[in-house]
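Peer 1: Would you mind keeping the following structure in view while I ask a few things?
Numbering (my numbering), first residue to last: 4 to 150.
Right under this line is the structure:
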C-alpha cells in the first residue's frame, strides 16, 4: 500500500504540535482497533508513516482512514504495514472524498442507485463516522462494493 492524500486542514483536531501527533494518532487507531498489530506511527511534515501487521486489507484501509481524517495530516504512507492474510488493498472497495452538500443517503444513491443502502456505507466506516448525520467535506470514506 502506497501513499494516500488527505485534506490537511480538515478532520478531527487531536494534537497541537507535530511532536504530539504520533502518540495521538496511534491511540486513536488503537481505540477503534481496526486490526493492526504492533502499530507504530511517525509523523513528518504532515505525513503519517504507519508500520505494523494488519489482519486484512480492510483493517489496513480503516487504519489509513482513521489517521488520514485527522487535522494536520495530509498524507499517509502505509508501505510499512504488511497484511497477514495476503489480501491486497482496494480490491472491490473504493475511497470517496465527501463533498459539500453530500449525505450518506446521496452517496449511496450515487454508488448503488439506492439511498436506503447508506447504512452499508456507515457500517463500513464506523471507525471514522461516529454519527451518520455528521460527515464533513474533505473527509475520506470507503464505499464497499460487496453488498
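Every residue gets a Cβ at the ideal spot worked out from N, C-alpha and C, and that includes glycine.
It should be emphasised that the depicted structure is a prediction, and the values quoted were computed from it without experimental measurement.
Note down, in chain order, each residue of its chain lying with its Cβ closer than 7 Å to the Cβ of residue 10, except the 5 sequence neighbours on either side.
Peer 2: Cβ neighbours of residue 10 beyond the five flanking positions: 141.
Peer 1: Would you kindly report the start and end of the unbroken alpha helix (DSSP H) that includes residue 112?
Peer 2: 107-115 is the extent of the alpha helix (DSSP H) around residue 112.
Peer 1: If you draw a straight line from the C-alpha of residue 97 to the C-alpha of residue 20, how long is it?
Peer 2: Between residue 97 and residue 20, the C-alpha separation is close to 32 Å.
Peer 1: Which of the three DSSP states, helix, strand or coil, is assigned to residue 58?
Peer 2: Correct three-state label for residue 58: coil.
Peer 1: Is it true that the CB of residue 56 sits closer than 9 Å to the CB of residue 40?
Peer 2: Yes, they are a contact pair.
Peer 1: Closest to residue 88 by C-alpha separation, out of 75, 146, 62, 107, would be which residue?
Peer 2: That would be 62, whose Cα lies nearest to the Cα of residue 88.
Peer 1: Just to check my reading of the structure: residue 77 and residue 49 have Cβ atoms closer than 8 Å, yes? What is that Cβ distance to the nearest angstrom?
Peer 2: Contact flag correct, Cβ pair sits at about 4 Å.
Peer 1: Applying the criterion that 16 or more other CB atoms from any shown protein chain within 10 Å of the CB defines a buried residue, is residue 133 buried or exposed?
Peer 2: Per the 10 Å Cβ criterion, exposed.
Peer 1: With distances taken from CA atoms, which of 15, 80, 130, 108 is nearest residue 121?
Peer 2: The shortest Cα separation from residue 121 among 15, 80, 130, 108 belongs to 108.
Peer 1: Spatial neighbours of residue 59 within its chain, please: CB distance less than 8 Å, with the 5 preceding and 5 following residues excluded, ordered by chain position.
Peer 2: Answer for residue 59: 38, 86, 87, 88, 90, listed in chain order.
Peer 1: Between residue 65 and the rest of its own chain, which residues show a CB-CB distance below 7 Å, the 5 nearest in sequence each way excluded?
Peer 2: Excluding positions up to five away in sequence, the list reads 37, 130.
Peer 1: Tell me which residues share the same chain as residue 3 and place their Cβ nearer than 6 Å to its Cβ, disregarding the 5 neighbours each side in the sequence.
Peer 2: Nothing in the structure corresponds to residue 3, since the chain is present only between 4 and 150.
Peer 1: Do you know whose CA, among 111, 106, 17, 112, lies nearest residue 138's CA?
Peer 2: When only C-alpha atoms are compared, the closest one is 106.
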